[in-house]
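Chains as they are written, first to last, in the numbering used here: chain B, 1 to 277; chain F, 1001 to 1342; chain C, 2001 to 2301.
As structure tokens, then:
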């Protein structure tokens, strides 16, 4: 605890990351109270105030139908964070379990499981998610499905490598010698030693899921309007560059802020938990 | 057989297995989804007979394994089928759009290596100083935004506000360059048109940089962290205690061993560009695979989707093999050992 | 202090302090140690791991001073020059030329991705910056022959992982003496090797430093090895020198409680079980014992 505090104090950037994420999460959770125009999350129009440059009361400006960008960004964060949490909640247990088994059992299980993982890893992440999204209907649920499908193999790979290292450690041999079952060794002996690395990666990945999801919706293959989404906001606004620059710049920076925050947090966590690269 | 030849053969074999896996995966996804591709392709006005005829032509009425069999048979002959969107062979479509995308990726990849690695080396050599901190923050920012955001920001700054670079496209319309390879850098040179060459180079700077930014950040971060780890190894202390010049220690004795773990990941980053190129191309109206890819995906154009994904994966695997070769070149253990390390 | 030229010690350390800044504050590691090595003399610094002997070596080379969290105080004199008054570039000039070092594990101390010749060339460049590869190869080959490496050309073209630990250790010794240094620091040399190989390479090293008249600071936790190798011995405990005497004198008549405990802990084949040094005892902090005729030059003793 003392060390954690010391590390955070010694690295002002880590503290800054905590601050950014706190702001993003609080903004998303309490959007109903913070957003100046909560009703602008949906399909409302206010043509009297359309395409306004940043000013008061529209601090980030308004879009082409007069909706407040700041409010929409807060609600978009809500969707993004939800998506990130759900994707990781599904992808991590799957990926970790496969990685543990492949790494510990070796032999045929290892060969087959790792080749399957390789198959998923050899399609560039965005391309795999894009094809899945295109073939399915573009809804939030399918978006989560597509991103989950591309995400689990990374955890398999990570945990597989860790497991192969841990397998040779004395404590694992000791457990095997006293006759512990394979499941016990895998989940009770090896898994706990992988947790710091997994946690660190999850923190970093919360940012990257947001990044990928926004990329999908930027291409029109993600969350559909009128649900506010950072990627589609950038895509819609890009047609009106450079005059209505705020339409793209603020949603773009919103992505940057969230991902940067999670990255700083992940780096801090890596140092606190003593995880190797 | 030399260890390196064995390594290549082994990797080629493995890649082939993976590629078959990719084809099965994407083929299955493409066929089990709801909706009738034939109906979508022909539009709502087509008659039931027309739809049925197309279904038969595409073998959609047969069981999945049989369909896959047809697919593999055609693939072996270099035939990826007909795109329902353009009504042309998928291979022809890809051949038309791929060079522009590849050109973009090559330039971005070069930027990633030529900017990212030196930044990482500098950061590691001056670790703990303000130089290191600046590089770390900058590279973290680089990886923290999707390439379309960088594309938009770069375009706004350096094409609109400061009109240093063109806003969109690959080359000014005024240049008529005969199509030979599809790579403008090559075609302009073949045409002996240096003005066109530099015009093409001028057009590619912003899109390539936008595409490269996250790779640059990733490469710098990776190089730094692996090098910092290497700096703690005894052979670096040996080099320092013998007074090897610090510069040479950084650029040679610490850099080269650190690259062994970094390269695999850098290869993956290069592969990620194959996907991210879609985003950048959309912003800069780059006439590459992006528009085609998104169009065929939205139209559920099965052959085109399967073909595009397959080609992209094949390129990814080729990149991986190249990376493995570079690693083997750097790491004498792999180059010289009789049993190539897995 | 002035010495007649011939009597200037190769190395003189006086009241050396070292501390590290950490998250939780300043930690002092060396509490004012003094030692000296005359020309061509073999001096051992003996202690357990963590006693401060390895950091002392790195301070002499000037490496630790480059670490921003380290604070070094005290006098460091090398061949009559005050090291702390030299510029970074001047200190750098001494490394690999006037002083060199041999490490614990020879195999991991050689760069894994370069063949021996590349590194040997780099070492020889320290003595003669303009030396080209061919000349370097010839010189390295001769130096390797001096450490009884039977096939120098093959070894020069090998990577460290292709050679045995003993072979790598010979390469390290050849490199360490290549530029005829005045001082060789040997930090637990060959501890990572097996005992017979370690003994062989130590004998080899001893014969060579005697032949070249090289002063040696020999750092070890192994008293058995020290006894054979050193003329004079300093025993260090938790950042303090506790006893100082000639090798013969100290081993025949250990006077400090810690030295006695350390000597009792030498494993003997005939002994029962593995002996251990008793945990930190109050008496280990007893004042330093200096044997007759072993005072620091110009010092109080």
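A virtual CB, placed ideally from N, CA and C, is assigned to each residue, including glycine.
For this session: Give the secondary structure of residue 2272(C) by DSSP, where H, G and I count as helix, E and B as strand, and everything else as coil.
Result: Position 272 of the third chain, counted from the start, is the residue given in the question as residue 2272(C). In this prediction, residue 2272(C) scores a pLDDT of 47, lower than 50, which makes its location untrustworthy; the coordinate-derived value is nonetheless stated afterwards. Of the three classes helix, strand and coil, the one that applies to residue 2272(C) here is coil, per DSSP.
Problem set entry | Limits of the unbroken beta strand (DSSP E) element including residue 2099(C) | Position 99 of the third chain, counted from the first residue, corresponds to residue 2099(C). Where residue 2099(C) is concerned, the enclosing beta strand (DSSP E) stretches over 2099-2102.
Exercise. Under three-state DSSP, which class holds residue 2067(C)?
Worked result: Position 67 of the third chain holds residue 2067(C). Residue 2067(C): coil per DSSP, three-state reduction.
For this session: Give the residues of chain B in contact with residue 1300(F), contact being defined as C-beta atoms less than 9 Å apart.
Result: Counted from its first residue, the second chain places residue 1300(F) at position 300. 134, 135, listed in chain order.
Exercise. Chain C partners of residue 1242(F), CB-CB under 7 Å?
Worked result: Start at 1 with the first residue of the second chain, and residue 1242(F) comes out as number 242. Residues of chain C passing the Cβ test: 2095, 2096, 2100, 2123, 2126.
Exercise. Any Cβ of chain F within less than 8 Å of the Cβ of residue 2064(C)?
Worked result: Along the third chain, read from residue 1 onward, the residue named residue 2064(C) stands at position 64. Output row for residue 2064(C): interface = no.
Exercise. Where does the unbroken alpha helix (DSSP H) through residue 1203(F) begin, and where does it stop?
Worked result: The residue given as residue 1203(F) occupies position 203 in the second chain. Looking at the DSSP string, the run of the alpha helix (DSSP H) that includes residue 1203(F) is 1194-1231.
Exercise. Alpha carbon to alpha carbon, how far is residue 1196(F) from residue 1183(F)?
Worked result: Along the second chain, one-based indexing puts residue 1196(F) at 196. Along the second chain, one-based indexing puts residue 1183(F) at 183. C-alpha separation (whole angstroms): 12 Å.
Problem set entry | Those residues which DSSP pairs with residue 2020(C) across a bridge | Taking the first residue of the third chain as 1, we reach residue 2020(C) at position 20. According to DSSP, residue 2020(C) bridges with 2027(C), 2070(C).
Exercise. What residue does the beta strand (DSSP E) around residue 244(B) start on, and which one ends it?
Worked result: Start at 1 with the first residue of the first chain, and residue 244(B) comes out as number 244. No beta strand (DSSP E) contains residue 244(B), which DSSP labels as neither H nor E.
Exercise. Going by alpha carbons, who is nearest to residue 1238(F) out of 2256(C), 2187(C), 2218(C)?
Worked result: Working through the second chain from its first residue, we reach residue 1238(F) at position 238. For the residues 2256(C), 2187(C), 2218(C), the minimum Cα distance to residue 1238(F) belongs to 2187(C).
Problem set entry | Close Cβ partners of residue 2119(C) (< 7 Å) along its chain, the five nearest in sequence each way excluded | Indexing the third chain from 1 puts residue 2119(C) at position 119. Excluding residues within five positions, the ones whose Cβ falls inside 7 Å are 2110, 2111.
For this session: Could you tell me which residues DSSP pairs with residue 2046(C) in its beta bridges?
Result: Counting from 1 along the third chain, the entry for residue 2046(C) is found at position 46. The partner list for residue 2046(C) (beta bridge, DSSP) reads 2220(C), 2235(C).
Exercise. Which same chain residues, not among the five before or five after residue 2234(C), have their C-beta less than 6 Å away from its C-beta?
Worked result: The residue you call residue 2234(C) lines up with position 234 of the third chain. Closer than 6 Å at the Cβ level, and outside the excluded window around residue 2234(C), lie 2035, 2045, 2241, 2244.
Problem set entry | Under 7 Å from the C-beta of residue 1253(F): neighbouring residues of chain C | Counting from 1 along the second chain, the entry for residue 1253(F) is found at position 253. 2111, listed in chain order.
For this session: Could you spell out the range, first to last residue, of the alpha helix (DSSP H) harbouring residue 1115(F)?
Result: Start at 1 with the first residue of the second chain, and residue 1115(F) comes out as number 115. Unbroken run through residue 1115(F): none, as it is neither H nor E.
For this session: Could you confirm whether any beta carbon from chain C is found closer than 8 Å to the beta carbon of residue 3(B)?
Result: To locate residue 3(B), count along the first chain from 1; it is residue 3. By this cut-off, residue 3(B) is an interface position.
Exercise. Smallest Cα separation from residue 138(B): which of 216(B), 113(B), 92(B)?
Worked result: Residue 138(B) sits at position 138 when you count from the first residue of the first chain. Nearest of 216(B), 113(B), 92(B) to residue 138(B), Cα basis: 216(B).
For this session: Could you name the residues of chain C that residue 10(B) contacts, counting a contact when the two beta carbons are closer than 8 Å?
Result: For the purposes of this step, residue 10(B) is taken as the residue at position 10 of the first chain. Within chain C, the residues near residue 10(B) are 2023.
For this session: Alpha carbon to alpha carbon, how far is residue 1318(F) from residue 1017(F)? Give it in angstroms, no decimals.
Result: Reading the second chain from its first residue, position 17 is the one you call residue 1017(F). Reading the second chain from its first residue, position 318 is the one you call residue 1318(F). Cα to Cα, the separation comes out at about 13 Å.
Exercise. Apart from the five residues just before and just after residue 1022(F), which ones in its own chain have a Cβ nearer than 8 Å to its Cβ?
Worked result: Reading the second chain from its first residue, position 22 is the one you call residue 1022(F). Closer than 8 Å at the Cβ level, and outside the excluded window around residue 1022(F), lie 1309, 1310, 1313.
Problem set entry | Cβ-Cβ separation, residue 1118(F) to residue 211(B) (assumed contact under 8 Å), whole Å | Numbered from its first residue, the first chain carries residue 211(B) at position 211. Numbered from its first residue, the second chain carries residue 1118(F) at position 118. About 25 Å; that fails the 8 Å criterion.
Problem set entry | C-alpha gap between residue 2254(C) and residue 2042(C), whole angstroms | As a position in the third chain, residue 2254(C) is number 254, starting the count at 1. As a position in the third chain, residue 2042(C) is number 42, starting the count at 1. One C-alpha to the other measures close to 19 Å.
Exercise. Hey, how far is the Cα of residue 1006(F) from the Cα of residue 107(B)?
Worked result: Taking the first residue of the second chain as 1, we reach residue 1006(F) at position 6. Taking the first residue of the first chain as 1, we reach residue 107(B) at position 107. Whole-angstrom Cα-Cα distance: 22 Å.
For this session: Output the distance between the C-alpha atoms of residue 2193(C) and residue 1281(F), rounded to the nearest integer angstrom.
Result: What you label residue 2193(C) is simply residue 193 of the third chain in a count that begins at 1. What you label residue 1281(F) is simply residue 281 of the second chain in a count that begins at 1. Those two C-alpha atoms are separated by around 59 Å.
Problem set entry | Beta carbon of residue 147(B) nearer than 8 Å to that of residue 87(B) | For the purposes of this step, residue 147(B) is taken as residue 147 along the first chain, with counting starting at 1. For the purposes of this step, residue 87(B) is taken as residue 87 along the first chain, with counting starting at 1. Contact flag set, yes.
For this session: Could I get the ranges of all uninterrupted alpha helix (DSSP H) runs contained in the region 4-71 of chain B, with 4 residues as the minimum, in chain order?
Result: 12-29, 31-34
Problem set entry | Selected residue, minimal CA-CA separation from residue 150(B), among 204(B), 118(B), 172(B), 176(B) | Translated into positions along the first chain, residue 150(B) becomes position 150. When each option's Cα is compared against that of residue 150(B), the closest is 118(B).
For this session: Please classify residue 1251(F): does DSSP put it in a helix, a strand, or coil?
Result: Position 251 of the second chain holds residue 1251(F). Helix at residue 1251(F).
Exercise. In chain C, what lies closer than 8 Å to residue 1040(F) by C-beta?
Worked result: Here residue 1040(F) corresponds to residue number 40 of the second chain, with the count starting at 1. The premise fails here: residue 1040(F) is roughly 55 Å from chain C at the closest Cβ pair, so nothing lies under 8 Å.
Exercise. From the beta carbon of residue 6(B), is the nearest beta carbon of chain C less than 8 Å away?
Worked result: Mapped onto the first chain, residue 6(B) falls at position 6. It does; some Cβ of chain C falls within 8 Å.
Exercise. Helix, strand or coil: which one does DSSP assign to residue 80(B)?
Worked result: Reading the first chain from its first residue, position 80 is the one you call residue 80(B). Looking at residue 80(B) - three-state DSSP - the assignment turns out to be helix.
Exercise. In chain F, which residues lie with their C-beta within 8 Å of the C-beta of residue 285(B)?
Worked result: With chain B running from 1 to 277 in the structure shown, residue 285(B) is simply not present.
Exercise. Taking any Cβ of chain C, which residues in the region 1218-1238 of chain F have a Cβ under 9 Å from it, in chain order?
Worked result: 1233, 1234, 1235, 1236, 1237, 1238
Exercise. Mind checking whether residue 1123(F) and residue 1254(F) have CB atoms under 8 Å apart?
Worked result: Taking the second chain and counting its residues from 1, the one referred to as residue 1123(F) is at position 123. Taking the second chain and counting its residues from 1, the one referred to as residue 1254(F) is at position 254. No, the Cβ-Cβ distance between residue 1123(F) and residue 1254(F) is not below 8 Å.
Problem set entry | Three-state secondary structure (DSSP) of residue 2106(C) | Indexing the third chain from 1 puts residue 2106(C) at position 106. Helix at residue 2106(C).
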